[in-house]
Structure formats: structure tokens, C-alpha cells
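Chains as they are written, first to last, in the working numbering: chain V, 1 to 419; chain P, 1001 to 1419.
Beta carbons: idealized from backbone N, C-alpha and C, even for Gly.
For reference, the structure discussed in these notes is given below.
Protein chains: 2
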Amino acid sequence: MIQITQDLLSRADCSALDEKDPLAGCKSRFALPDGEVYLDGNSLGALPKAVVERMQRAIVNEWGSGLIRSWNDAGWYPAPQRTGAKIARLIGADSDEVIVCDSTSVNLFKVLVAASRLRPDRTVLLVERGNFPTDVYVASETGNLLGLEVLAVEPDEIIPTITELGERLAIVQLTEVNYKSGRIYDMTRITAEAHNVGALAIWDLCHSSGALPVRLNACEVDFAVGCGYKYLNGGPGAPAYVFVARRHLSDVRNPISGWHGHARPFEFTHEFEPHGGIDRMLIGTAPQLSLLALEEAVGVFDDVDMEVVRTKSRALGDLFIRLVDQELAEFGFGLASPRNSAERGSQVSLVHSEGYAIMQALIDAGVIGDFRAPDIMRFGFAALYIGYEDIWESVARLKTIMQGRVWDDPRHKARKAVT
Amino acid sequence: MIQITQDLLSRADCSALDEKDPLAGCKSRFALPDGEVYLDGNSLGALPKAVVERMQRAIVNEWGSGLIRSWNDAGWYPAPQRTGAKIARLIGADSDEVIVCDSTSVNLFKVLVAASRLRPDRTVLLVERGNFPTDVYVASETGNLLGLEVLAVEPDEIIPTITELGERLAIVQLTEVNYKSGRIYDMTRITAEAHNVGALAIWDLCHSSGALPVRLNACEVDFAVGCGYKYLNGGPGAPAYVFVARRHLSDVRNPISGWHGHARPFEFTHEFEPHGGIDRMLIGTAPQLSLLALEEAVGVFDDVDMEVVRTKSRALGDLFIRLVDQELAEFGFGLASPRNSAERGSQVSLVHSEGYAIMQALIDAGVIGDFRAPDIMRFGFAALYIGYEDIWESVARLKTIMQGRVWDDPRHKARKAVT
């Protein structure tokens, strides 16, 4: 936590915090552009330097020279399991309960169908209306496919609705950290409430894994999914992962029964026999280049304590809010994230009616956050490569933009496909 | 076609064919290990040299420096559409009818569900029992999910069964070129027979695209899927593609409604509204590193006429069979592929009771084919990088192994995970 008592913070105060940061050395593990501050690791994580060499080897040596032999000789075949085991440590799961495959959306579909089959007499799937759209879209269409009612409510209504639905409730599906606000759900309590009425809990960890310690098994979570390209730094569109609690593994049926989920895929038998373990969640052949990049990237966390990451991440967010209050009070920003860092993931969102143009101007000034419609400016704090003075620098550049109305330029107002 | 009239072929005859080969220049576009002959492009295509530079740029410049901006600035976002358009030309589809996404198995699931919804009153899904297992597994589990009967028959029974099923038949799902035998189905005729009874046809092009000209629209095919990592040379586990005929596009509903299939994904609306075109078949974020490798690899075909590829591929297969007959008659090999090249894809499969060990010994001798249980030795002929003398060399090395019983060694008999 930040322990600075004077009224006004200075750049020197921030720099002093960097000097005491136990994670300061991690920044050198990443290739980051000079002169810029990258606050969008919650959307696409930065490039770990080790990935460059790993990919060169994967492409030139393993693919180019090893060719088909590399499925065995270079260990391509078990990469989904190896990478899953590395991620498992970060999310409080056993190494054989997590596997890397497909996209988060596809994995969500798999576990929604699988979970609903474990509760065949129940009819309602409960979700948060303001969750990341793909979660709600996938839940909704899965509900259509299976004849389940999908109930989308506000965050505060989740627990009362669980109680009210009782034995009608099959599944609660939520994202632990909201993509817009950064608000954290109480995973322990909601999972327990779901279990109290006999329902199952599915958690999306896209904005959790690599950002804060997740304790899936301590919370007795049933299923989880998450992506590899945000705080895990696996590269653009990196494969996702899926967690199935051991107690469910033998009963879970993957609705898309591809050959990699077979007990013995290379026997090419006619009948589908699911693998006994987490491999049953696999479908087709993994996109190895993207997968090997993710595996190498996740290795960056091997000697990192997620509690230390969390402590720094909270402090970075607190510092950002404090500096916004101190430096930008006159410019009409609102805070769209919880002020209390215990309730906030590794991002802070500001709200401003000109948020889109301001963010474009800020990106042009070398501070890279992002924008979510209609008016949210997101700033993500990846504790492995963002320091305290970076936060000062970001707010300082934002202040320059606001003071000079730099954002008020048609160039900054023209929306791009991806923001 | 090979036009050599004497009884016995020699290495010099093969070398003379290479000199007249219009595709001979294409081999230099690939990075291939010295001294080896790679006859497994039907399993994992060779590395196009241009991919090495492209991936270096994608990783270091676009991910490392461009970071999140590269979704717009480096054109990451429309890569599935761009790559789909390139593949479309190779399979006789319009450029906006094909998109790259997910794995073949996932795409097959999507189109099976989508197609069955277009024939809601029909109850049977017809497949080939000996198709690549994932196709049969996926069809079978999709049938369970939707309450469809899945009927798996032998190749010769397909057309009579279509007629017999009549209005009960919803979908025929087949792979054009069989993974084991290389046998080609008559896509025109089977699609027409399916349409005659009001059913839909879904074709898997895994062993077709990049190996022979496919004419999806000329055959009036309804849906197709295929993989990027065989003859398209997209790299291990490269993303797959999906084709939806234009006449079906507006009626097709993707059962996994992820945000990339939305009409306006970056507006983050609560309600799912499918994209008007082929983008509706997308689900989550594409694994960009694997996707960009595929895009670059498919570019190798930009100046290539698939009719020329097909002519050479048939000649390579014919030559291989002729040399096996000439050189290996005493060693007990059977032919598991059609002898008539018009009925055969770009591979020749031999059958031998010691096939596994023989193939391992052959790989050790630098001729890389593969093995499919229980006794099939596959040899794939990727016409862009395999020449006629390569065929001679392969058979010569195989003869040495057979003459010296090199395969009869415990080292070659120990089975590996992936063969």
C-alpha cells in the first residue's frame, strides 16, 4: 500500500516507490517501446522478451527442420497440458485441472453445456447483464440451444436472485473482474450461495489470471475459463484455458467431441471415448505457434508471487486515482471503478463524455490505455512492467492534453474498428 | 501425366521429369531440411520461407512495439477475412463466403448445428464410417445434442442411402479426400443427390485445399470446413476455415455466438445481433500469431494454378506406385489407395503388417511419411515442394530398409504418442 502522508504527491515520491518495489526487476523481462507508458495490458499484454527467441526456434528449428517429428520430439503434443499446469498455479487449481485450448468463448460454451447436463432438472442460467458481451451472448444462445431460461441481472441482484430461484437455478456464470469497471465479485460467497441451492458456479477469469491471486479450489468453484492474451501476456488472441474441478471431471461431457479429447486419439477408433482427465475438454489441434508463445509468456510468472503482484497492483491503482484527484479535478472526469482497491481488479476506469477523443489524444502522446463505449477510459496496471513513476507520467501527459484541449481535434474523434 | 514408355524407370528418367516441371521453381519458397524427403505435407505442410520474416515482424514490431494499436494499424483485425478470401480462390468460393477461425472440429460443429436448423423437420445426419474420426465424433455428439440420428455407412453406400432416406435426410457430411486411403468422393454428384431429396451437403476439405482444385460453388455445396496446416502450409495447428454458400448466409445461425460474430462487436451491446455476412461464423478472438503465419503461407499460392498442381500431384502419385511395383514387389506391400489417379488425392497409402516399424526406420533414413493405425503407411505429395527425383529417392531408401530388414529393431517398433 502507498504510505505517503503529505497532501500533494510529486514525481519524486513516485520514483521513491519504484526504488522499493520488489517487482521492479520484472520490467526488463518485457520488450516495451521507448518513451511510452503501456496501460493496456488488460487488453493485450506486453511482449515478454523470451518469446522472441522461443518463436524463432519454434518456427525455424521445430517447424522448418523438425517438421511433423516435432509433435513428439519438440513436445508440441503436450503443450496444452504443460501450459495449463503453469496457469493452474496462478489460479489456485491443481495442475491437472486446467488445460489450454480454443478461445474463451468456445470454452465457455463447452462448460455451460457440460454444467447444465449435470443439473438436468433445473431450468435457469443466471448471468450479469453488464458482463463482457461475449459471455452474455454465448450464455443466451446456449440457453436457446438447451431450452434454458437465461436471466441477466445487475451485480447487486446476483445473490438475492440465487436465493429466490432456489432449485430452479442450474448455473451462475460470472466474470470475477468486470471488464469495464474493474469491480471484483466475491467468488467465495457467490459460489457458496450457488452451492447452497444446489447450483453450479462458472467463473470467467479473463481479467483475473495474472493480475490477482485466484483461489478456484479454495472457493470450491466448479468450472472456470479465461484468456491468455491479457495479464498472461501470451500474445494477440492467445489460446484460452478451461478449468474443471476434479470432482466433476469424470462426469463432464464436452459437447464438441473432437479427436484431441479422445482417450487415445492416435488409435483413430470409430467410437468416441472421452479422455479420463482434463484432456476431454480439448477439441481439435491446438494452434501451436500461438500456444508456444503463451507457454513461454506464462513462464515469466514462474518465480513471481501473485500476492506481491496484487499488493503492487492495488497500490498502482490507488496512486492513479489519487493523482487524478490531485491533478485533474477541474476536467470533469468521473471514477467508474471502486475507490476501495480491495473491490477493484488491476485497472482503473474513468468516465468522460469526450472519453474516446481524449483516449486517442493520450495514445498519440504515448500513454496507451483504451476506450469502451459509451464513455469509459480504461487504464490497466500490469504490475510486472508498470512502475509508480509511470503512473505519474501518465497523469501528467493526460493533464497536458486536457489543459491544451488536444483531444478536441477531428483526428482524435474519428472512431477506429478496434479501440 | 508421366509419358515414359520403357519397362523400367531409372533415376535419370525422374530427373528429366523435374526439368520439365512448371512448378519446379516453387520448391525454393520452402525451408526444407537438407538430405531429407518430406512426404508428410498431408499432415503438416513445410515452412514457407516468407513466414519466418513475417512472424519476426508480427512479434517484434507489431506485438512488441505496436501493442494494442496493431489490431488496427497492422491489420490484425481483418486477418480472418483476408486469409479466408485467399483460401476461397483455391476452393472455388467467392472471397466473402470463406473466413478463417477456430479448428476444423469446431467449425464442423458450427455448420452441423446451423445446417440442421435449416432442415428442422428432418431427423437423419449421414456420414462415412471410415471418415477421419473427429468428423464422426463431432457428428455423433452433435446428433445427441440435437436429437438427430447419425447414420455412418461405407463409401459405396452413401448414394443409395441418400435415396433411401429421402425426406428424412437432413445433412450429408463427408470429407472429399479420405485421410487414410486418399480416395476422392464425387462432390458434384453426391451434393446433387443430397439436394434431390432436399438435404444439405457439408464437405470437409482438409485433404483437398492446396492439393487439388475444389469447386464448391460449381458443385452447389452448402457448407464446407477445412484446415490450414496440411497442404496450405500454415504451420502446426494453424487455424481452420469455414465456407457458407451465399444463399444460406442470412439464415445461418452460429450456435456459439461470440462477440466477433456480432454485427458491431466493438459497440459492446447487450443483445446479440449477428453480422450480416460470413463474419457471423466467428466466435472469439483469433490466435493472431498462428493466423498471420497461415495468411503468409497461403500467399505462396497466389501465382499458382491449382490445375497445374493437380496434374503434377497425380503424376507424382503415379510415379510412386509404379516405382513401388518395380522396386518393392517382393516385400509384401499392398496398395491402400486407388490406382487410378483421377480417384486419388495427393497421397498414396501402402499397407504392410510391419508398417509402423518400417515407417519409423524410413523416417530415420530421412524419408518422412507417416503411419495410421493399424497398418497404413501414408506418403503425401505436396506438388509445390516435392519433385520426381524425390520420389525415386524415397523408394530407393525404402528398398534399402526392406532389403536389410532395418525396420526389425525394437527401436523402430516402440510407438510414439503421435505418429
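_Start and end residues, beta strand (DSSP E) containing residue 1204 of chain P_ = Run containing residue 1204 of chain P: 1200–1204, per the beta strand (DSSP E) assignment.
_Does the contact criterion of 3 or more C-beta pairs under 8 Å hold for the stretch 353–363 of chain V versus the stretch 216–229 of chain V?_
For the pair of segments examined, the stretch 353–363 of chain V was found not to touch the stretch 216–229 of chain V: the number of CB pairs separated by less than 8 Å stays below three.
_Residues within the stretch 269–296 of chain V neighbouring chain P, beta-carbon criterion of under 8 Å_ = Near chain P, meaning a CB-to-CB distance below 8 Å, the residues of the stretch 269–296 of chain V are 269, 270, 272, 283, 284, 285, 286, 287, 288, 289, 290, 291 and 293.
*For chain P, is any of its Cβ atoms less than 8 Å away from the one on residue 1 of chain V?*
Because the pLDDT of residue 1 of chain V is 44, which lies under 50, any placement of that residue in the model is unreliable, and the number read from its coordinates should be weighed accordingly. Not one beta carbon of chain P lies nearer than 8 Å to the beta carbon of residue 1 of chain V.
*DSSP state of residue 1431 of chain P, grouped into three classes?*
Here chain P comprises residues numbered 1001 to 1419, so residue 1431 of chain P is not present and cannot be evaluated.
_Could you pull the DSSP bridge partners for residue 1127 of chain P from this structure?_
Beta-bridge pairing links residue 1127 of chain P to P/1152 and P/1173.
*Count the other CB atoms, across all protein chains shown, that sit within 10 Å of the CB of residue 1262 of chain P; report buried if there are 16 or more and exposed otherwise.*
By the neighbour-count rule (16 or more Cβ atoms within 10 Å), residue 1262 of chain P is buried.
_Best match in V/221, V/189 and V/225 for proximity to residue 206 of chain V [C-alpha to C-alpha]_ = The shortest Cα separation from residue 206 of chain V among V/221, V/189 and V/225 belongs to V/225.
*Does the beta carbon of residue 155 of chain V sit closer than 8 Å to a beta carbon anywhere in chain P?*
For residue 155 of chain V, the answer is no, since every Cβ of chain P falls outside 8 Å of its Cβ.
_Rounded distance between the beta-carbons of residue 84 of chain V and residue 278 of chain V, thought under 8 Å_ = Between residue 84 of chain V and residue 278 of chain V the Cβ distance is about 7 Å, and since that is below 8 Å, they are a contact.
*Applying a beta-carbon distance threshold of less than 9 Å, which residues of chain P neighbour residue 386 of chain V?*
The contacting residues do not exist; residue 386 of chain V stays about 13 Å from chain P at best.
_Taking its Cβ as the centre, do 16 or more other Cβ atoms sit within 10 Å of residue 1102 of chain P, making it buried, or is it exposed?_
It counts as buried.
*Cutoff 6 Å; reference residue 412 of chain V; Cβ partners in own chain excluding five residues on either side*: Counting only Cβ-Cβ distances below 6 Å, and skipping sequence neighbours, we find 357, 360 and 361.
*Should the stretch 1121–1131 of chain P be called in touch with the stretch 1142–1155 of chain P, which here means at least 3 C-beta pairs below 8 Å?*
Yes, they touch.
*If we call anything under 8 Å between Cβ atoms a contact, is residue 1233 of chain P one with residue 1045 of chain P?*
Cβ atoms of residue 1233 of chain P and residue 1045 of chain P: closer than 8 Å.
*Using a Cβ cut-off of 8 Å (strictly closer), state whether residue 109 of chain V contacts chain P.*
Yes - at least one Cβ of chain P is within 8 Å of the one on residue 109 of chain V.
*asked:* At the level of alpha carbons, what is the spacing between residue 371 of chain V and residue 355 of chain V?
replied: Distance between the alpha carbons of residue 371 of chain V and residue 355 of chain V: 7 Å.
*Contacts that residue 1370 of chain P makes with chain V (C-beta to C-beta distance below 8 Å)*: Neighbours of residue 1370 of chain P across chain V, judged by C-beta separation under 8 Å: 68.
*Segments of 3+ residues assigned as beta strand (DSSP E) that fall wholly inside the stretch 178–225 of chain V*: Taken in chain order, the whole beta strand (DSSP E) runs of length 3 or more contained in the stretch 178–225 of chain V are 200–204.
*Would you tell me roughly how many angstroms separate the C-alpha atoms of residue 190 of chain V and residue 160 of chain V, rounded to the nearest one?*
A direct Cα-to-Cα measurement between residue 190 of chain V and residue 160 of chain V gives close to 10 Å.
*asked:* For a quick check, are the C-beta atoms of residue 240 of chain V and residue 55 of chain V less than 8 Å apart?
replied: Cβ distance not < 8 Å, so residue 240 of chain V and residue 55 of chain V don't count as in contact.
*Stretch pair the stretch 1269–1289 of chain P + the stretch 1298–1318 of chain P: three plus CB contacts closer than 8 Å*: The answer is no - the stretch 1298–1318 of chain P does not touch the stretch 1269–1289 of chain P, with fewer than three Cβ pairs under 8 Å.
*Would you kindly work out how many angstroms separate the C-alpha atoms of residue 1147 of chain P and residue 116 of chain V, rounded to a whole number?*
Going by C-alpha positions, residue 1147 of chain P is about 17 Å away from residue 116 of chain V.
*Report the residues of the stretch 1128–1141 of chain P with a CB closer than 7 Å to any CB of chain V, ordered along the chain.*
Correct list: 1129, 1133, 1134, 1136, 1137, 1138, 1140 and 1141.
*Counting Cβ pairs, one atom from each stretch, are 3 or more of them under 8 Å apart for the stretch 201–218 of chain V and the stretch 65–80 of chain V?*
Touching, no, given that fewer than three Cβ pairs across the two stretches are closer than 8 Å.
*Per-residue contacts from residue 336 of chain V into chain P (C-beta, under 7 Å)*: Under the 7 Å cutoff, chain P gives no residues; its nearest Cβ is about 14 Å from residue 336 of chain V.
*Check whether residue 1118 of chain P and residue 1139 of chain P have beta carbons under 8 Å apart*: Contact annotation: residue 1118 of chain P and residue 1139 of chain P have beta-carbon atoms that are not nearer than 8 Å.
*Taking the alpha carbon of residue 1188 of chain P as the point to measure from, which residue in P/1196, P/1182 and P/1181 has its own alpha carbon closest?*
Among P/1196, P/1182 and P/1181, the Cα nearest to that of residue 1188 of chain P is on P/1196.
*asked:* Just to check my reading of the structure: residue 243 of chain V and residue 216 of chain V have Cβ atoms closer than 8 Å, yes? What is that Cβ distance to the nearest angstrom?
replied: With 8 Å as the limit, residue 243 of chain V and residue 216 of chain V qualify as a contact, their Cβ atoms being about 6 Å apart.
*May I have the straight-line CA-CA distance separating residue 1392 of chain P from residue 271 of chain V, to the nearest angstrom?*
When rounded, the distance between both Cα atoms is 39 Å.
_is_contact[residue 235 of chain V, chain P] using C-beta, thresh 8 Å_ = True, the Cβ-Cβ gap to chain P drops below 8 Å.
*Starting from residue 81 of chain V, follow its DSSP beta bridges and name the residues at the other end.*
Paired residue(s): none; residue 81 of chain V is not in a bridge.
_My output table needs one value for residue 1301 of chain P: the three-state DSSP class, helix, strand or coil._
Here residue 1301 of chain P sits in helix by DSSP.
*Report yes if the CB atom of residue 256 of chain V is closer than 8 Å to the CB atom of residue 1060 of chain P, and no otherwise.*
No; because the gap between Cβ atoms is not below 8 Å, this pair is not in contact.
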